[in-house]
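In this note's numbering, the protein residues as written are 122 to 695.
Backbone N, C-alpha and C fix where the C-beta goes; we use that ideal spot for every residue, glycine too.
On a predicted model such as this, the values are computed, not experimentally measured, just so you know.
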């Protein structure tokens with residue numbers, strides 16, 4: 122049932138219109154003057170507004186201007202019903218953005234037709250938008266489940282296929298194997314042939330694996346590209362020996378020469394295999410075990426294949442040592458925050474920064490976050506480290522504000538583990554109070570997977586942040602799949618497009634289409650859009666053209682220590 126708001130100061134005219142609309146089956150709201158009409162429109166969000174022009178206080182023109190300036194009410198069809206029948210009044214109303222203009226006394230037929238026409242057009246536009254969204258989601262689903270270079274399923278698709286196979290694995294003793302394939306000598310080939318030649322080699326490996334899969338489809342379920350230079354295969358068999366035989370056949374097939382740019386190229390393939398049978402291991406566990414087995418293969422001359430066993434895990438002394446050292450890193454002041462500027466594309470000004478943790482190990486030097494963050498997640502150390510990062514970032518942002526650097530918004534990453542802590546809200550509010558940072562200068566970055574895990578609890582938590590004034594951003598958008606149409610149900614402020622999408626916008630039209638549509642739809646949802654990993658002027662020009670709000674990336678600046686970041690911002694203010 123469509124909802125119509127009638128704004129009319131004349132009681133009898135208003136009641137006649139309301140009675141007519143009720144007979145026609147509409148749900149109606151009434152307003153006695155312009156100010157009340159604006160308030161009701163913003164509260165009820167009607168499907169159409171029918172308004173007089175000449176009213177005491179706020180007239181109909183002012184009502185229309187007010188509604189057109191508000192993101193939520195901008196698109197609501199608006200029809201004037203006025204006694205002013207002169208052409209200048211009609212022209213003024215249409216110039217302000219009215220959809221139609223009827224002169225009192227309008228006939229019932231005329232009023233009915235005007236309303237139906239506007240509602241039908243609105244419905245058609247909504248249908249077109251829905252179709253566009255559906256088409257976009259289909260393209261988006263394909264892109265985020267496909268490796269852009271090889272055309273193979275990527276890690277997301279591989280994970281889903283694994284879950285399906287585990288569900289279907291009912292036969293006792295039947296084994297599901299995850300075979301991880303690495304390419305020896307790939308880096309040397311890359312250096313010799315250049316990235317173009319290296320990419321052609323990866324495509325050729327993908328084609329050969331696909332052909333092998335098609336000829337052994339009874340036991341090989343899917344081949345995927347899970348990382349640059351790494352491929353994975355799911356295999357099922359009643360016999361471990363049969364899985365090993367298949368794996369050796371794959372190794373033999375990949376050991377044959379590839380012809381790349383007219384040259385014969387040889388690779389040295391190696392494998393790590395992890396098995397799941399009655400234990401029903403989850404995907405991440407099996408993938409990790411295959412990685413451990415693959416690492417063991419690299420440490421040996423022969424054979425080129427290793428099957429995971431628990432002794433391999435026990436031998437990972439370096440991993441245990443890293444965990445032990447990480448436990449003391451905070452207390453020993455070995456952690457440091459770097460800040461990567463976020464730049465407003467419209468003004469080229471630094472308006473904020475993302476806080477990124479770095480670890481200065483006393484013996485190993487700088488340890489990559491890609492190495493120690495997974496250890497922190499696994500051990501629970503991410504909680505105290507995350508609190509340290511949040512406190513340091515808020516304190517630094519406040520210090521810069523007091524020193525005249527400006528009110529810069531600081532973005533801090535929250536892991537899924539942190540986000541699920543029951544005292545998260547209390548912890549963040551306490552840190553804000555202790556550091557004195559205004560809540561609206563703090564932005565919390567969450568991954569898609571953390572947000573959609575428990576949607577009901579997510580919305581509850583984010584509403585608490587919103588009430589305080591804290592901003593929330595969806596980080597690395599596109600690396601995990603969440604329906605674009607569901608974004609409106611989650612109370613967040615910003616959307617960060619993952620760098621894997623940004624890097625393709627100038628070379629692949631399908632990525633450009635997706636990024637452009639994401640920006641448009643994010644703006645429709647009143648969200649700001651941040652592009653990550655901007656490295657070229659061409660990427661920036663594309664983002665500017667389609668009104669992306671903010672960017673960060675090496676084109677402007679890499680992450681910097683606090684002193685260097687401050688110097689950069691002060692120089693740009695001169």
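Taking a contact to require three or more Cβ pairs closer than 8 Å, the stretch 261–274 and the stretch 337–351 qualify as touching. About 7 Å separates the CB atoms of residue 122 and residue 147; that is less than 8 Å, so the two are in contact. DSSP, reduced to helix, strand and coil, places residue 615 within a strand of the structure shown. With at least 16 other beta carbons inside 10 angstroms of its own, residue 617 counts as buried. In its chain, beyond the 5 residues on either side, no residue has a beta carbon closer than 6 Å to the beta carbon of residue 132. The DSSP-derived three-state label of residue 301 is strand.
Pairing residue 619 with residue 598 gives a Cβ-Cβ distance under 9 Å. Contact check for residue 391 against residue 367 fails: the beta carbons are separated by 9 Å or more. Our two residues, residue 277 and residue 286, have alpha carbons roughly 15 Å apart in a direct line. By the criterion of at least three beta-carbon pairs nearer than 8 Å, the stretch 186–194 is not in contact with the stretch 133–147. Residue pairing for residue 596: DSSP places it in a beta bridge opposite 568. Secondary structure note for residue 534: its beta strand (DSSP E) is the uninterrupted segment 530–534. The bridge partners DSSP lists for residue 477 are 459.
By the Cβ rule, the stretch 536–553 does not count as touching the stretch 475–486, because fewer than three pairs are nearer than 8 Å. Judged by DSSP secondary structure, residue 635 falls within the alpha helix (DSSP H) whose first and last residues are 630–645. Separation of residue 215 and residue 558 (C-alpha to C-alpha, rounded to the nearest whole angstrom) is 46 Å.
By the neighbour-count criterion, in which 16 or more other beta carbons inside 10 Å mark a residue as buried, residue 690 falls on the buried side. With 16 or more neighbouring CB atoms inside 10 Å of its own CB, residue 533 falls in the buried class. With a threshold of 16 other beta carbon atoms within 10 Å, residue 275 meets it and is buried. In the three-state scheme derived from DSSP, where H, G and I count as helix and E and B as strand, residue 590 is classed as coil. Closest option to residue 426, judged by alpha-carbon separation, among 415, 433 and 432: 415.
Secondary structure remark: continuous beta strand (DSSP E) runs of at least 3 residues inside the stretch 468–522, in chain order: 470–482 and 486–488.
Between residue 224 and residue 203 a beta carbon distance of about 7 Å is seen, short of the 8 Å cut, so the two are scored as contacting. Excluding residues up to 5 positions away in sequence, 466 lie with their Cβ nearer than 7 Å to the Cβ of residue 665 in the same chain.
Ranked by how close their Cα comes to the Cα of residue 387, the residues 449, 311 and 209 have 311 in first place.
Our two residues, residue 193 and residue 645, have alpha carbons roughly 9 Å apart in a direct line. Under the three-state reduction of DSSP output, residue 679 falls in the coil class, being neither helix nor strand. Counting C-beta pairs with one atom in each stretch, the stretch 454–461 and the stretch 678–685 have three or more that are closer than 8 Å, which means they touch. The C-beta of residue 381 has 16 or more other C-beta atoms within 10 Å across all chains shown, which makes the residue buried. For residue 138, the CB contacts under 8 Å within the same chain, skipping 5 residues up- and downstream, are 127, 129, 171, 202 and 232 in chain order.
Annotated as proximal: residue 560 and residue 590, with beta-carbon spacing under 9 Å. By the CB criterion at 9 Å, residue 674 and residue 655 fall inside the cutoff. When DSSP states are grouped into helix, strand and coil, residue 397 belongs to the strand group. Of the residues 660, 512 and 636, the one whose Cα lies closest to the Cα of residue 548 is 512. Residue environment: residue 249 is assigned as exposed (fewer than 16 neighbouring CB atoms within 10 Å of its CB, all protein chains considered). Among the bridge pairs identified by DSSP, residue 179 is matched with none.
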